[in-house]
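Right, one structure below, let's go through it.
In this note's numbering, the protein residues as written are 557 to 648.
Below, the structure is given as structure tokens:
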């Protein structure tokens with residue numbers, strides 16, 4: 557199920573969203589990222605960590621971007637699919 561929204565954004569942010577091509581997908585991913593950030597903050601607070609250095613958040617964000625790029629690489633995906641097919645044939 558989906559919901560339709562009409563939003564207003566400052567010009568600089570509107571340009572960023574427009575440049576993505578799929579505004580709905582881009583905004584949905586931004587909301588998901590915000591939810592993950594809040595969940596992380598809540599989990600850290602539950603174990604007594606109230607403040608995380610900005611550098612650590614930036615390091616984590618970079619690692620997520622790098623992991624997403626690796627998953628999206630079609631050559632890598634092809635190699636992994638071929639390896640999975642090979643392993644599946646061996647198990648039979």
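Positions of the beta carbon are idealized from the N, C-alpha and C atoms, including for glycine.
Three-state secondary structure (DSSP) of residue i
i: residue 572; result: helix
i: residue 629; result: coil
Closest residue to residue i among the options (Cα-Cα distance)
i: residue 621; options: 610, 581, 589; result: 589
i: residue 558; options: 584, 575, 564, 632; result: 584
i: residue 579; options: 608, 632, 563; result: 563
Limits of the unbroken alpha helix (DSSP H) element including residue i
i: residue 603; result: From DSSP, residue 603 is part of no alpha helix (DSSP H); its letter is neither H nor E.
Whole-angstrom distance between residue j and residue i, CA atom to CA atom
i: residue 602; j: residue 623; result: 27 Å
i: residue 618; j: residue 625; result: 11 Å
i: residue 604; j: residue 594; result: 15 Å
i: residue 609; j: residue 566; result: 28 Å
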